[in-house]
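Engineer:
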Amino acid sequence: MKLKKQVTVCGAAIFCVAVFSLYLMLDRVQHDPARHQSGGNFPRSQISVLQNRIEQLEQLLEENHEIISHIKESVLELTAHADGQPVVLLPYRTPNGSWVLPPESRPSFFSISPQDCQFGLGSGGQKPDLQMLAVASVLPFDNQDGGVWKQGFDITYEPHEWDTEPLQVFVVPHSHNDPGWIKTFEKYFADQTQHILNSMVLKLQEDPRRRFIWSEISFFSKWWDNISTQKRAAVRRLVGSGQLEMVTGGWVMPDEANSHYFAMIDQLIEGHQWLEKNIGVTPRSGWAIDPFGHSATMPYLLRRANLTSMLIQRVHYAIKKHFAATHSLEFMWRQTWDPDSSTDIFCHMMPFYSYDVPHTCGPDPKICCQFDFKRLPGGRINCPWKVPPRAITEANVAERAHLLLDQYRKKSKLFRSKVLLVPLGDDFRYDKPQEWDAQFLNYQRLFDFLNAHPSLHVQAQFGTLSDYFDALSKRTGIVPGFKPPGFPVLSGDFFSYADREDHYWTGYYTSRPFYKSLDRVLEAHLRGAEILYSLALSHARHAGMDSRYPLSDYALLTEARRALGLFQHHDAITGTAKEAVVVDYGVRLLHSLVNLKRIISNAAHYLVLGEKESYHYDAAGPFLGTDDMRLNQDSLPEKTIIRLDTSPRFVVLFNPLEQERLSVVSLLVNSPRVRVLSEEGQPLAVQLSAQWSSATDMVPDVYQVSIMTRLPALGLSVLQLYKSFDSHSTLTSSVHIHLHGRDLPVRPREVFPVRVVPATSDDFCLDNQHMQACFSGLTGLLQSIRRAGEEHRLSSEFLIYGTRSAKDKSGAYLFLPDGDAKPYAPKEPPVVRVTEGPFFSEVASYYQHVQQVVRLYNVPGVEGLSLDVSCLVDIRDHVNKEMALRLSTSIATSQVPEEAASPGQLLPHARHGLHPGQAEPPDPAHSPGPGGVQPAQR
C-alpha cells in the first residue's frame with residue numbers, strides 16, 4: 001500500500017511538471033517581441049510570424065496531450081507492478097556497444113547423455129564390404145575405351161558355363177512416364193499416358209504370359225478416376241495374378257538430391273495409401289531408373305516401407321565399370337550408422353549407359369537396338385548404329401535368338417547369380433497398340449525358341465521386377481529381403497553422377513533455385529496445416545461441432561500433398577523441365593500454398609476461441625488474415641502490414657515443431673509507436689527496425705517489429721499489438737551505412753539513428769552470447785567467427801563461373817565450367833548497411849547483381865548458435881555465367897573428407913582432384929531452400 005502511494009505521488013509530480021512546462025510555453029508565446037508593434041498595426045510579415053506561432057502552439061498542445069497519455073499509462077503500469085505483477089526486464093547495451101538480454105528463467109538447452117542418441121555410441125557391428133568413399137578413392141576415373149561397351153570392357157565366356165545351372169532370364173516391359181518434362185503433366189497424360197494404360201489393360205489380357213510394371217501413381221490415379229468400373233476390376237485382376245506390378249508406389253519417382261526427406265516420405269505415403277485404398281496392394285520392390293544420382297536415404301525409406309529390394313540406374317560410369325569387374329552390381333545397401341543389418345535392402349544396379357532397350361539386353365548397344373521392335377523399319381525412330389531390327393519369323397528365329405542369347409550371357413557374367421534381369425522399355429513407351437504387339441509377339445517367338453531347345457540351357461520369359469528378385473532369392477536359397485550368400489554389403493551413396501567423359505550432373509543442384517525455395521515453403525505450410533487441421537477437427541468432433549467445421553479443407557490438404565509430391569519428380573524440383581512446364585509446376589505450388597494458408601487460418605481461428613460455440617466459418621471472409629502473400633507463381637512474398645490502432649490487433653503464432661521454441665518473430669506495422677503484449681497480457685520488449693526498399697532508402701510508414709517469444713510445442717500463441725505512446729519497452733535499432741565513396745542520397749527517418757560513413761571503413765564485428773562474427777569493412781562479407789574462445793577464419797566471396805566454348809555447355813543438368821571460378825568484380829563497390837539491435841543484428845551488402853544479408857540472432861535458444869545467410873541474386877544480364885558463394889575456413893580438412901548431404905543425413909565425400917563439376921549435392925534441409933546458402937545461381 002505504501003508503494004502504491006509512492007507511485008501515485010510520483011506520477012502526480014510528473015503530471016505537474018508537464019503542466020508547468022506547458023504554462024511556460026504559453027507564456028513564451030504571449031511575450032514574443034513580435035507582438036509589441038507600434039500603433040497596433042501588424043505588417044503582413046508579422047501576421048505570418050504570428051500564424052507560425054499559433055501552429056507551434058497547436059503542435060505543443062498535441063505533444064503535451066501525448067505526454068499526459070504516456071504519463072497516465074506509466075502510472076497505471078507502475079500501479080499494476082505494485083500489485084505484484086512482474087516488471088518487464090529489458091535488454092540493455094554495454095559500453096562497448098553489445099546488447100545483453102535479461103536472464104532466462106527457463107533453460108534454452110538440455111543436456112544429452114550418450115544413451116539418448118544411439119548414433120553417438122559408435123557404429124559397432126560388422127563393417128561393410130564396400131564403402132563408397134573408399135571405392136571412389138581407388139578409381140582412376142580415366143574413361144578408357146572399352147570397345148563395344150564403350151564405358152566398360154570386353155566380356156567373354158565359355159559355352160558350357162550354364163550346363164549345370166541354366167540361365168534364367170526375366171524380360172521386364174516398362175514405360176517411364178515423367179510427370180512433366182518436355183510437356184506438362186496434363187499434356188503428357190492426354191497425349192500418351194492414358195493411351196499406354198488403356199492399351200495395357202487390353203494387351204495384358206490377351207496372353208497370361210505377358211507382364212508389365214508401373215511406377216508413377218500420380219498418372220495412374222488420374223487415369224483411374226476416368227475409367228469404368230469394369231476396367232478397374234480388370235486392373236485388380238491383373239495385379240492379383242502378377243501380370244501387372246506396381247513398383248516403388250510413390251506419387252512420383254523423386255529426385256534424391258534436392259528433395260527434403262519429409263517430402264520424399266510424404267509422396268511415398270500418398271502413393272502407397274492410394275494403392276491400398278483402390279487396388280489393395282502394397283509394393284514390394286523399388287524402381288529408380290532416372291533420378292540423377294542416388295541417395296542413401298531412399299533405400300532406408302523403402303526398407304522402412306516394407307520393400308525388400310530395389311533397382312537403381314544413374315550411377316557414375318566409372319563406378320559401374322568397377323562394380324561390374326568385381327561382380328558387385330548387386331549388394332545389400334546398409335546405412336552408414338547401422339550397427340547391424342536392420343536397414344539392409346537388396347539392390348540391383350543396372351550396368352550400362354541407359355535404361356533404354358539398346359543398353360539393357362547386353363554390352364553391345366548395336367545388337368540390343370536390333371531387338372527394340374518399336375524401331376522396325378517404317379516407324380518414327382530407328383537405330384543410330386544403322387542396323388535396324390527385323391521381325392521374328394520361323395526363317396530367322398534361330399539366328400536372332402542366338403544373337404540375343406549371346407548378349408544375355410555376356411551380361412550375366414557381370415553378376416553373381418545365373419538369374420538375369422533385362423528391362424524392356426524407355427520414356428513413354430507402349431503408347432500405341434502396335435508397339436505392344438511388336439514387342440510382345442516378337443519376344444514371345446524368341447522365348448519359345450530358346451525354351452524349346454534344352455541344349456541352350458536358358459529359360460527366358462516376361463517377368464515383373466519382383467518376379468526377378470523372387471527367382472534370385474530362390475536360386476540363392478534365401479527368403480526375399482535377406483542377404484544372399486557371398487553378396488557384398490555396401491554403405492554410402494552414389495553422388496555425383498556422370499554419364500560420360502566429365503559430364504557431371506551437378507548443375508541441377510542449383511537450377512531454378514526460386515522454385516526449390518518455394519518447394520520448402522509449401523512443405524512447411526503443409527506440415528503446419530496437417531497438424532492444425534487434425535487438432536481442430538479432433539476437438540470439433542469431441543465437442544459435437546464437426547458439422548460446423550469446414551470438412552472440405554481435407555480435400556484441399558490432399559490436393560496440396562499431391563502438388564508437393566508431384567514437384568518432387570526428378571524433372572521438377574531439379575529445375576530441368578522446359579519453361580512452360582516449370583510455370584505449370586509453379587502455378588500448382590502457389591495454388592496449394594494459398595489453400596494451405598486458408599486451412600491454417602480456419603483451424604487457428606477455431607482453436608484460439610475460448611467459446612467454441614461462437615465459431616462461424618465464412619469462406620468469403622476468413623476471420624484471420626495471412627502473414628504474407630504472393631501475387632504470381634514467380635513473385636517473391638510480400639509481408640502483410642498490420643495497421644495499428646488504440647484497440648488491439650491480434651497476431652496468432654503457431655509452432656509446428658514438437659519442441660518448445662524460443663524464437664524471434666518479426667512483423668511489419670504502420671507506426672513506430674507500438675506496444676506488444678503476450679497472451680497473458682505481459683508487455684514484451686520490442687526491437688524496432690526500418691524496412692528498406694533499397695540500400696539507402698527506408699519504406700515510408702512501414703516498420704519492422706521484432707519480439708522474442710517462447711512458443712509451446714505444437715501449440716498456438718497470441719500476441720496483442722496496439723498503437724501506444726508508451727515507448728519504454730521499444731528498443732530502436734541503430735544503423736550504419738558505408739557508402740565507400742559512392743554518391744548516394746541517404747534519407748534517414750527521425751525514428752532511427754543512422755550514421756553515414758562516406759569513405760572506406762575499418763573491419764567490424766557483431767556478437768551475441770555464443771559467438772562473434774567479423775566482417776570486412778570494404779566488402780561487407782564474412783571474414784571470421786569466434787566461438788568458445790577460438791577464432792576460425794570463415795571468409796566468404798562471390799565468384800563467377802563461365803562455361804565452355806565447345807558444344808557441351810553448363811545448363812540445367814550439367815555443370816561444365818570453363819575453368820576455375822573467377823572473383824566477382826562489380827562495377828562499383830558495395831553499399832554495406834549494418835543494423836544492430838537487442839534481438840538481432842545484421843549486415844546487408846548491396847552489390848550490382850546480388851544482395852546478401854547475414855543475420856546474427858541474440859537469442860539464448862538454437863537460433864543464436866548460427867548465422868542466417870540469405871542472397872537475392874539477379875544475373876539476367878549475364879549470358880552463360882553462374883554466380884557462386886564460396887565459404888573458406890581455416891579448419892584443417894586435408895585428412896577429413898568433405899561432408900555432402902543425402903536427404904536427412906550427411907555422408908563423407910572427397911573430390912579426388914577432379915574438376916569443379918564434381919560438386920556434391922546440397923544439404924536438402926537447408927540449401928537451396930529458404931534462407932539457405934545458394935551454391936550457384938543461373
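Per the UniProt record's numbering, the sequence shown starts with residue 1, numbered consecutively. C-beta: ideal position from N, C-alpha, C; glycine also. Given the structure is predicted, the values throughout are model-derived calculations rather than measurements.
Can you find the residues in the same chain that come closer than 6 angstroms, C-beta to C-beta, to Leu781, ignoring five residues on each side of it along the sequence?
Structural biologist: On the sequence shown, residue 781 is found 781 positions in, with the first residue counted as 1. Closer than 6 angstroms at Cβ, skipping near neighbours: Ser796.
Engineer: Should His503 and Asp808 be called a contact, given that it needs their Cβ atoms to be closer than 8 angstroms?
Structural biologist: Taking the sequence shown and counting its residues from 1, the one referred to as residue 503 is at position 503. Taking the sequence shown and counting its residues from 1, the one referred to as residue 808 is at position 808. Taking 8 angstroms as the Cβ cut-off, His503 and Asp808 qualify as a contacting pair.
Engineer: Report all residues from its chain with a CB closer than 6 angstroms to the CB of Glu104; omit the five preceding and five following residues, and keep chain order.
Structural biologist: Position 104 of the sequence shown holds residue 104. Counting only Cβ-Cβ distances below 6 angstroms, and skipping sequence neighbours, we find Pro860.
Engineer: Under 6 angstroms Cβ to Cβ from Ser215, same chain only, skipping five residues before and after it: list those, please.
Structural biologist: Position 215 of the sequence shown, counted from the start, is the residue given in the question as residue 215. So the qualifying residues of the chain are Val247, Thr248, Met253, Trp287.
Engineer: Give me the Cα-Cα distance between Val401 and Asp448, rounded to the nearest whole angstrom.
Structural biologist: Taking the first residue of the sequence shown as position 1, residue 401 is located at position 401. Taking the first residue of the sequence shown as position 1, residue 448 is located at position 448. For clarity, residue 401 is Ala in the given sequence; the question names Val instead. Per the coordinates, the alpha-carbon of Ala401 lies some 10 angstroms from the alpha-carbon of Asp448.
Engineer: Looking only at its own chain, which residues have a Cβ that is under 8 angstroms from the Cβ of Val674, when we skip the five neighbours before and after it?
Structural biologist: Taking the first residue of the sequence shown as position 1, residue 674 is located at position 674. Counting only Cβ-Cβ distances below 8 angstroms, and skipping sequence neighbours, we find Leu644, Val686, Leu688, Tyr703, Val705, Leu721, Tyr722, Lys723, Ser724, Thr730.
Engineer: Should Asn96 be labelled buried (16 or more other beta-carbon atoms within 10 Å of its own) or exposed?
Structural biologist: Counting from 1 along the sequence shown, the entry for residue 96 is found at position 96. Exposed: under 16 other Cβ atoms inside 10 Å.
Engineer: Is Leu26 helix, strand or coil by DSSP?
Structural biologist: For the purposes of this step, residue 26 is taken as residue 26 along the sequence shown, with counting starting at 1. At Leu26, the pLDDT of 44 sits below 50, so the modelled position is not reliable; the number obtained from the coordinates is stated separately. Residue state, collapsed to three classes: helix.
Engineer: Between Thr308 and Gly481, is the Cβ-Cβ spacing less than 8 angstroms?
Structural biologist: Numbered from 1 along the sequence shown, position 308 holds the residue referred to as residue 308. Numbered from 1 along the sequence shown, position 481 holds the residue referred to as residue 481. Their beta carbons are under 8 angstroms apart, which means Thr308 touches Gly481 by this criterion.
Engineer: In the structure shown, what three-state DSSP assignment does Glu797 receive?
Structural biologist: Numbered from its first residue, the sequence shown carries residue 797 at position 797. Strand at Glu797.
Engineer: Which residue from Gly250, Ser466, Tyr615 puts its Cα closest to that of Pro173?
Structural biologist: By 1-based counting over the sequence shown, the position of residue 173 is 173. Closest by alpha carbon: Ser466.
Engineer: Could you check whether Glu501 and Asn143 sit closer than 8 angstroms to each other, using their CB atoms as the reference points?
Structural biologist: If you number the sequence shown from 1, residue 143 lands on position 143. If you number the sequence shown from 1, residue 501 lands on position 501. A contact, by the Cβ cut-off of 8 angstroms.
Engineer: Going by CA-CA distance only, name the one from Phe840, Leu872, Pro903, Arg588 that's closest to Gln848.
Structural biologist: One-based indexing of the sequence shown puts residue 848 at position 848. Taking only the C-alpha atoms, the option nearest Gln848 is Leu872.
Engineer: Let me know the alpha helix (DSSP H) ranges lying completely inside the UniProt domain "Glycoside hydrolase family 38 central" (503–589), each 4 residues or longer, listed in chain order.
Structural biologist: 513–542, 553–567
Engineer: Quick one: what's got a C-beta closer than 7 angstroms to Ile392's C-beta in the same chain, skipping five residues either side?
Structural biologist: For the purposes of this step, residue 392 is taken as the residue at position 392 of the sequence shown. Close CB contacts of Ile392 within its chain, under the 7 angstroms cut and outside five residues either way in sequence, are with Arg400, Asn442, Arg445, Leu446 (chain order).
Engineer: So what's Gly425 in DSSP terms, helix, strand or just coil?
Structural biologist: As a first step, residue 425 is located in the sequence shown; it is residue number 425 there, counting from the start. Three-state DSSP puts Gly425 in a strand.
Engineer: Less than 8 angstroms between the beta carbons of Asp627 and Thr646, yes or no?
Structural biologist: Position 627 of the sequence shown, counted from the first residue, corresponds to residue 627. Position 646 of the sequence shown, counted from the first residue, corresponds to residue 646. No.
Engineer: Let me know the alpha helix (DSSP H) ranges lying completely inside the region 827–910, each 4 residues or longer, listed in chain order.
Structural biologist: none
Engineer: Counting pairs of beta carbons, one from the region 288–299 and one from the region 533–541, are three or more of them closer than 8 angstroms?
Structural biologist: no
Engineer: When DSSP labels each residue in this structure, what does Pro299 get in the three-state scheme?
Structural biologist: Mapped onto the sequence shown, residue 299 falls at position 299. Helix, per DSSP.
Engineer: Taking DSSP's pairing of strands, which residues face Ser663 in a bridge?
Structural biologist: Here residue 663 corresponds to residue number 663 of the sequence shown, with the count starting at 1. Note: Ser663 sits in a beta bridge opposite Thr709.
Engineer: In whole angstroms, what separates the C-alpha of Tyr468 from that of Phe170?
Structural biologist: The residue labelled residue 468 in the question sits at position 468 within the sequence shown. The residue labelled residue 170 in the question sits at position 170 within the sequence shown. In a straight line, the C-alpha of Tyr468 is about 6 angstroms away from that of Phe170.
Engineer: Kindly confirm or deny that the region 569–580 and the region 629–640 touch, where touching means at least three C-beta pairs closer than 8 angstroms.
Structural biologist: no
Engineer: Using only the alpha-carbon positions, how far apart do Cys368 and Gln407 sit?
Structural biologist: Along the sequence shown, read from residue 1 onward, the residue named residue 368 stands at position 368. Along the sequence shown, read from residue 1 onward, the residue named residue 407 stands at position 407. Near 8 angstroms, if we compare the C-alpha coordinates of Gln407 and Cys368.
Engineer: Any idea which residues DSSP pairs Tyr606 with across the strands?
Structural biologist: The residue you call residue 606 lines up with position 606 of the sequence shown. DSSP lists no partner for Tyr606.
Engineer: Using the C-alpha atoms, what's the distance from Ala263 back to Tyr508?
Structural biologist: For the purposes of this step, residue 508 is identified with residue 508 of the sequence shown, where counting begins at 1. For the purposes of this step, residue 263 is identified with residue 263 of the sequence shown, where counting begins at 1. For Tyr508 and Ala263, the distance between alpha carbons rounds to 18 angstroms.
Engineer: From the DSSP secondary-structure annotation, give me the bridge partner or partners of Met771.
Structural biologist: In the sequence shown, the residue the question calls residue 771 occupies position 771. The partner list for Met771 (beta bridge, DSSP) reads Arg787.
Engineer: Determine the contact status of residue 949 and Ser417, defining contact as a CB-CB distance below 8 angstroms.
Structural biologist: Residue 949 cannot be examined here, being either before or after the span of the chain that is shown, 1 to 938.
Engineer: Can you tell me which of the three DSSP states Ala685 falls into?
Structural biologist: Here the question's residue 685 lines up with position 685 in the sequence shown. Note: Ala685 maps to coil in three-state DSSP.
Engineer: Could you name the residues of the same chain whose beta carbon sits closer than 6 angstroms to that of Pro648, not counting the 5 residues immediately before and after it, in chain order?
Structural biologist: In the sequence shown, residue 648 corresponds to position 648, counting from 1. Only Gln720, Tyr722 meet the Cβ criterion.
Engineer: Report the residue from Gly837, Ser734, Gly789 whose alpha carbon sits nearest the alpha carbon of Met708.
Structural biologist: The count along the sequence shown starts at 1 and reaches residue 708 at position 708. Among Gly837, Ser734, Gly789, the Cα nearest to that of Met708 is on Gly837.
Engineer: By the DSSP assignment, the beta strand (DSSP E) with Phe346 in it spans what residues?
Structural biologist: Residue mapping note: residue 346 aligns to position 346 of the sequence shown, counting from 1. Counting along the chain, the beta strand (DSSP E) containing Phe346 begins and ends at 345–349.
Engineer: Helix, strand or coil for Thr184 per DSSP?
Structural biologist: Within the sequence shown, the letter at position 184 stands for residue 184. Coil at Thr184, not helix or strand.
Engineer: Report yes or no: do the region 757–770 and the region 854–870 share at least 3 C-beta pairs separated by less than 8 angstroms?
Structural biologist: yes
Engineer: Measuring alpha carbon to alpha carbon, tell me which of Phe219, Ser175, Leu244, Ser491 ends up nearest Arg209.
Structural biologist: Counted from its first residue, the sequence shown places residue 209 at position 209. Considering only Phe219, Ser175, Leu244, Ser491, the residue with the shortest C-alpha distance to Arg209 is Leu244.
Engineer: Using C-beta distances below 7 angstroms, list every residue in its chain close to Leu609, excluding the 5 sequence neighbours before and after it, in chain order.
Structural biologist: On the sequence shown, position 609 is the one that residue 609 refers to. Closer than 7 angstroms at Cβ, skipping near neighbours: Tyr615.
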